[in-house]
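Participant:
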Amino acid sequence: MSRESEREAAVDRFVQLRPAVLAKMHESVPPELSAEFESITVHQLKALVALPAEGMTMHELARSLGITGATACSLADRLVAQDLAVRATDPTDRRVVRLRPSERGAELAGRHRQARRRSVAALFELLSDEQVAAWIDIMETLAGVPVGVGR
Numbered sequence: 244m245s246r247e248s249e250r251e252a253a254v255d256r257f258v259q260l261r262p263a264v265l266a267k268m269h270e271s272v273p274p275e276l277s278a279e280f281e282s283i284t285v286h287q288l289k290a291l292v293a294l295p296a297e298g299m300t301m302h303e304l305a306r307s308l309g310i311t312g313a314t315a316c317s318l319a320d321r322l323v324a325q326d327l328a329v330r331a332t333d334p335t336d337r338r339v340v341r342l343r344p345s346e347r348g349a350e351l352a353g354r355h356r357q358a359r360r361r362s363v364a365a366l367f368e369l370l371s372d373e374q375v376a377a378w379i380d381i382m383e384t385l386a387g388v389p390v391g392v393g394r
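Counting the sequence shown from 1 gives a position; our numbering is that position plus 243.
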């Protein structure tokens, strides 16, 4: 089998297995938390998780999520309407408005981070130490992070 056909087979297998892996990750999320996450969109959740406690400008939010400024503003409007975020004037420049998580939003983002960690931990339980190390190496390569940074 040629390298090209081996790669094609690997792509097909990855695409085939991905839903099962994601389903395994989803299984480790408690049902009550899943229900709460269903009340907001994936994009809103990504934005909420990206917001630091001190907040960020719409430009910073747009850049961190890879979206347009208009989309970031629309996303912010929906988060504010759901009491998941608040707009606040920047203390150093009153012309600048920052979006920061509300208490409820910070709580939800924290529970989401914990659920993600539990999901990954549950998957790692199925792997050997060598497989986990190889997986992290692959993730670092794909993310463009120098090997060993952050360990």
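Every residue gets a Cβ at the ideal spot worked out from N, C-alpha and C, and that includes glycine.
Residue range of the beta strand (DSSP E) that L342 falls in?
Facilitator: Residues 336-344.
Participant: Considering only the alpha carbon of each residue, which of A364, R359, E297 lies closest to R343?
Facilitator: Ranking the options by Cα distance to R343, first place goes to E297.
Participant: Compute the distance between the beta-carbons of R330 and R341, then report whether it is under 9 Å.
Facilitator: Yes. Within cutoff.
Participant: Check each candidate in H286, C316, I283, A376 and name the one with the smallest Cα separation from M299.
Facilitator: When only C-alpha atoms are compared, the closest one is C316.
Participant: Go through its chain and collect everything with a Cβ distance to G312's Cβ below 8 Å, but skip five positions before and after it.
Facilitator: Result list for G312: M301, H302, A305, in chain order.
Participant: Under 8 Å Cβ to Cβ from A252, same chain only, skipping five residues before and after it: list those, please.
Facilitator: If we look at A252 and ignore the five residues flanking it on each side, its Cβ neighbours are M244.
Participant: So, at 8 Å on beta carbons, what are the nonlocal neighbours of V339 in its own chain, with the 5 sequence-adjacent residues on each side left out?
Facilitator: Around V339: T300, T332, D333.
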